[in-house]
Amino acid sequence: MPLFRHENRQKSERTKRIYALFEIAYTCVDFIAAAAFLIGSFLFFSEDTQTAATWLFVVGSVCFAIKPTLRLVRELKLYAIGDDDDLAKRLRD
90 MPLFRHENRQ
100 KSERTKRIYA
110 LFEIAYTCVD
120 FIAAAAFLIG
130 SFLFFSEDTQ
140 TAATWLFVVG
150 SVCFAIKPTL
160 RLVRELKLYA
170 IGDDDDLAKR
180 LRD
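Per the numbering used here, the very first residue in the sequence shown carries number 90; after that it's consecutive.
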């Protein structure tokens, strides 16, 4: 069962729930990154707040690094569940 296949997330109620939870986390990270960059951009207008703006850009960048990590972890988890299902099927036969 290859990674990043649509079928992996539709195998059972458990895989659907895992996929949905990871999508919610992914969306939250997107919003945090967007807010950090937007607020950081406004803070750059004043010299007094440029350090805070820089830190917000760093936070936004970390969020963008988290996004592909979430996708990979999700796919590995779904892949592992598929292996469990296959093993259980073999034991029943």
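By construction, the Cβ of each residue, glycine as well, lies at the ideal position given by its N, Cα and C atoms.
Asked                                                                                              : Found
Option in L145, V147, R160 with minimal Cα separation from I113                                    : R160
Cβ of Y108 within 7 Å of any chain B Cβ                                                            : Reference to chain B is not applicable here, since this structure consists of a single protein chain.
Own chain, CB closer than 6 Å to A124, minus 5 neighbours either side, in chain order              : none
Assigned exposure category for T116 - 16 Cβ within 10 Å defines buried                             : exposed
L165 burial status per 10 Å Cβ neighbour count (16 or more: buried)                                : exposed
Whole-number beta carbon distance between I128 and L145, since they are thought to touch under 8 Å : 6 Å
Exposed unless 16 or more other CB atoms sit within 10 angstroms - verdict on R98                  : buried
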